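Engineer: Going letter by letter, the sequence shown gives residues 6 to 425 in our numbering.
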Amino acid sequence: MTRKGKIMLLALLALPSVLFGQTVRKDVPELEFARFDLNKIEFLGDSSAFEKAFAKMDAAVLSGVGSFRIMHIGGSHVQGGTLTRRLRNDLLALGGKDGGRGMVFPFTAAKTNTPSSYRSRYEGEWEATKNTTRELPRRLGLTGMAVSTTDSTASVRIVLKARNAGADDPEFLFDRLNVLGYSADGERFPVVVTNAGDTLQGIRNEESSCWSFQLPEPQDSVKVAVAGTGGELTLTGIYLDNSSEGITVTGIGVNGAALPSYLRCEDFERDLKMVNPDMVILAIGVNDASGNNFSQDEFIARYKVLVQKVRAVNPDCALLFVSNNDTFKRVRRRGYLVNQNGLEAQEAFFRLCCDCGGGFWDMFGIMGGLGSMKKWEEASLAKRDKIHFTDEGYVILGDLLYNALMAKYIEHLRRKPWMA
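#1: Name the two residues that bound the continuous alpha helix (DSSP H) containing C358.
#2: With distance defined between alpha-carbon atoms, name the residue in R126, D390, D103 and R269 nearest to I163.
#3: Quick one: what's R162 bridged to in DSSP?
#4: Look at L375 and V343 and say whether their C-beta atoms are less than 8 Å apart.
#5: Note down, in chain order, each residue of its chain lying with its Cβ closer than 7 Å to the Cβ of S248, except the 5 sequence neighbours on either side.
#6: Taking D180 as part of the beta strand (DSSP E), name the residues at either end of that continuous run.
#7: Tell me which same chain residues have a C-beta within less than 7 Å of the C-beta of G26, skipping the five on either side of it?
#8: So the candidates are N292, V318, D246 and K314; which of them puts its Cα closest to the Cα of K278?
#9: Which residues does DSSP list as the beta-bridge partners of F194?
#10: Does the separation of the CB atoms of H77 and A288 fall below 8 Å?
#11: With a threshold of 8 Å, are at least 3 pairs of Cβ atoms found where one atom belongs to the segment 354–374 and the other to the segment 39–53?
#12: Under 8 Å Cβ to Cβ from C359, same chain only, skipping five residues before and after it: list those, please.
#13: When we look at the beta-carbon of P120 and count the other beta-carbons within 10 Å, is it buried (16 or more) or exposed?
#14: Should V197 and V161 be called a contact, given that it needs their Cβ atoms to be closer than 8 Å?
#15: Quick one: grab the DSSP three-state call for R307.
#16: By the three-class DSSP mapping on this structure, what secondary structure does I415 have?
#17: To the nearest angstrom, report how far apart R193 and Q206 are at their CA atoms.
#18: Please report how far the alpha carbon of R337 lies from the alpha carbon of N136, in whole angstroms.
#19: Between K314, D331, F354 and N346, which lies nearest to H393 when the distance is taken from Cα to Cα?
#20: For T85 versus V280, is the C-beta spacing smaller than 8 Å?
#21: With H, G and I counted as helix, E and B as strand and the rest as coil, what does DSSP make of N408?
#22: Which residues mark the beginning and the end of the beta strand (DSSP E) in which N210 is found?
#23: What are the boundary residues of the alpha helix (DSSP H) that H82 is part of?
#24: Contact defined as beta carbons within less than 8 Å: I believe T239 pairs with R143. What is the distance between those atoms, to the nearest angstrom?
#25: Per DSSP, K135 is paired with what?
#26: Excluding the five sequence neighbours on either side, which residues of its own chain have a C-beta within less than 7 Å of the C-beta of F273, listed in chain order?
#27: Pull the bridge partners of G258 from the DSSP assignment, please.
#28: So, do the segment 172–190 and the segment 206–225 have three or more beta carbon pairs nearer to each other than 8 Å?
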């Protein structure tokens with residue numbers, strides 16, 4: 006263990022709980038309508054996968070070697086990116102190195118919002134495919150999104166600068182990337198234009214369906230342009246990596262996505278191998294429970310199929326199930342009514358954890374339970390649609406999730422026979 010790691014270990018284990026609470030845990034504002042006393046992760050079955058994931062975290066945070074990778078998957082809460090961004094920033098503030106930015110997507114080319122932790126731009130004509138479409142015109146992968154073009158002047162750009170960046174937003178650099186996708190009926194292929202203006206050609210990997218690029222130096226943005234003649238080029242994601250080991254937090258989210266949305270992504274498992282997560286935060290469910298015919302059994306059965314896909318890639322992956330937030334439905338002539346499915350979905354997540362041996366973070370209970378979204382709105386922490394949160398609300402939730410995760414991590418450290 007490095008000297009820095011020993012100092013961090015002492016900070017985590019030796020300090021009194023009050024001081025520890027001030028130095029490692031993130032402060033969150035008191036909300037009288039919330040149940041922050043419930044902010045914990047429960048293990049309802051075998052927790053050995055979390056011990057293995059936390060061992061990876063030990064190496065990345067305390068020793069500065071090895072990688073610890075988290076993937077957060079969901080719907081619009083994750084596509085918006087602020088909760089995931091906060092969790093990522095909190096973890097990196099522990100002292101771990103940036104282990105690569107992970108999977109991103111040029112959302113603006115699909116005419117939709119980019120996560121708040123980076124920016125995307127595009128030129129030319131692109132056609133979008135999203136996993137929320139029942140009959141998919143194109144094959145999709147892990148991101149649940151694709152943009153396609155026959156325009157030789159088309160391009161996309163990713164810039165790793167957070168929207169409204171603050172002092173806690175780290176700088177992300179990458180020196181290699183994989184452009185995921187395929188070319189149909191022609192010889193189109195992507196090329197990378199560096200910040201210095203050089204055009205690079207990648208190496209095609211048919212097994213992972215991507216083009217791999219090595220950059221001459223680390224940079225925080227990249228332009229992917231179209232080369233070749235004839236046919237259509239489809240991009241399904243961009244994986245940004247660097248040569249350092251450390252912490253990586255990848256967000257996978259599509260507005261309106263439910264479990265069937267991701268289950269219809271043919272290349273989900275193939276792309277997941279590239280992300281290779283040690284822990285997956287499973288936060289899909291708000292859209293599944295938005296209708297009038299929500300079935301617990303059907304919901305659980307679909308989730309188990311998704312779990313099988315994750316464990317096919319990494320049998321030791323730790324699964325953290327996150328219950329839905331409280332929501333309201335807009336009913337014509339009656340205004341907004343509490344979505345009673347929230348209680349059934351909460352129970353379904355509890356059952357999933359018991360059956361699948363995962364961890365359970367009960368966001369529904371923590372925010373105050375049924376009807377609490379109205380209180381969050383009145384406190385300017387949720388939007389008027391009573392489904393989504395404001396940036397401030399997402400920041401609070403990100404800090405709460407981090408605190409709950411750290412509490413379990415500290416328990417893990419206390420159980421280990423640490424030696425000097």
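Cβ atoms here follow ideal geometry from the backbone N, Cα and C, with glycine treated the same way. It should be emphasised that the depicted structure is a prediction, and the values quoted were computed from it without experimental measurement.
Structural biologist: Put simply:
#1: The count along the sequence shown starts at 1 and reaches residue 358 at position 353. According to the DSSP assignment, C358 belongs to the alpha helix (DSSP H) that extends over N346 to C361.
#2: In the sequence shown, counting from the first residue as 1, residue 163 sits at position 158. Residue R126 is the option with its Cα nearest to I163.
#3: In the sequence shown, residue 162 corresponds to position 157, counting from 1. R162 pairs with R126 and K228.
#4: In the sequence shown, residue 375 corresponds to position 370, counting from 1. In the sequence shown, residue 343 corresponds to position 338, counting from 1. At a Cβ-Cβ threshold of 8 Å, L375 and V343 count as neighbours.
#5: Within the sequence shown, numbered from 1, the residue matching residue 248 stands at position 243. D180.
#6: As a first step, residue 180 is located in the sequence shown; it is residue number 175 there, counting from the start. Start and end: F179 to A189.
#7: Working through the sequence shown from its first residue, we reach residue 26 at position 21. Since pLDDT at G26 reaches only 40, below the 50 mark, its modelled position is unreliable, and the value read off the structure follows with that caveat. Cβ within range, chain order: n/a, list empty.
#8: The residue given as residue 278 occupies position 273 in the sequence shown. If we check each option's Cα against that of K278, V318 comes out closest.
#9: For the purposes of this step, residue 194 is taken as residue 189 along the sequence shown, with counting starting at 1. DSSP output for F194 lists A232 as bridge partner(s).
#10: Looking up residue 77 in the sequence shown gives position 72. Looking up residue 288 in the sequence shown gives position 283. Using a Cβ distance threshold of 8 Å, H77 and A288 count as a contacting pair.
#11: Output reads yes: the segment 39–53 touches the segment 354–374.
#12: By one-based count along the sequence shown, residue 359 stands at place 354. Here the set comprises L49 and G50.
#13: The residue you call residue 120 lines up with position 115 of the sequence shown. Sixteen is the threshold: when 16 or more other Cβ atoms of the shown chains lie within 10 Å of the Cβ of P120, as they do, the residue is buried.
#14: As a first step, residue 197 is located in the sequence shown; it is residue number 192 there, counting from the start. As a first step, residue 161 is located in the sequence shown; it is residue number 156 there, counting from the start. Not a contact, by the Cβ cut-off of 8 Å.
#15: For this step, residue 307 is matched to residue 302 along the sequence shown. Taken through DSSP and simplified to helix, strand or coil, R307 comes out as helix.
#16: Position 410 of the sequence shown, counting from 1, holds the residue named residue 415. DSSP places I415 in the helix class (H, G or I) of the three-state scheme.
#17: On the sequence shown, residue 193 is found 188 positions in, with the first residue counted as 1. On the sequence shown, residue 206 is found 201 positions in, with the first residue counted as 1. For R193 and Q206, the distance between alpha carbons rounds to 12 Å.
#18: Position 332 of the sequence shown, counted from the start, is the residue given in the question as residue 337. Position 131 of the sequence shown, counted from the start, is the residue given in the question as residue 136. Each residue's Cα considered, the two are about 28 Å apart.
#19: Taking the first residue of the sequence shown as 1, we reach residue 393 at position 388. The shortest Cα separation from H393 among K314, D331, F354 and N346 belongs to D331.
#20: Counting from one through the sequence shown, the residue named residue 85 turns up at place 80. Counting from one through the sequence shown, the residue named residue 280 turns up at place 275. The question names Thr, but residue 85 is Gly in the sequence shown. Against a cut-off of 8 Å, the Cβ pair of V280 and G85 comes out as no contact.
#21: For the purposes of this step, residue 408 is taken as the residue at position 403 of the sequence shown. Note: N408 maps to helix in three-state DSSP.
#22: Counting from 1 along the sequence shown, the entry for residue 210 is found at position 205. Here the beta strand (DSSP E) through N210 covers I208 to N210.
#23: Residue numbering aside, residue 82 sits at position 77 when the sequence shown is read from its first letter. S81 to G85 is the extent of the alpha helix (DSSP H) around H82.
#24: The count along the sequence shown starts at 1 and reaches residue 239 at position 234. The count along the sequence shown starts at 1 and reaches residue 143 at position 138. Right, the Cβ-Cβ distance comes to about 6 Å (below 8 Å), so this counts as a contact.
#25: In the sequence shown, counting from the first residue as 1, residue 135 sits at position 130. Answer by DSSP bridge pairing, in chain order: M150.
#26: Taking the sequence shown and counting its residues from 1, the one referred to as residue 273 is at position 268. Answer for F273: G146, L147, Y267 and K314, listed in chain order.
#27: For the purposes of this step, residue 258 is taken as residue 253 along the sequence shown, with counting starting at 1. DSSP lists G79 as partners of G258.
#28: Result yes; three or more Cβ-Cβ pairs closer than 8 Å.
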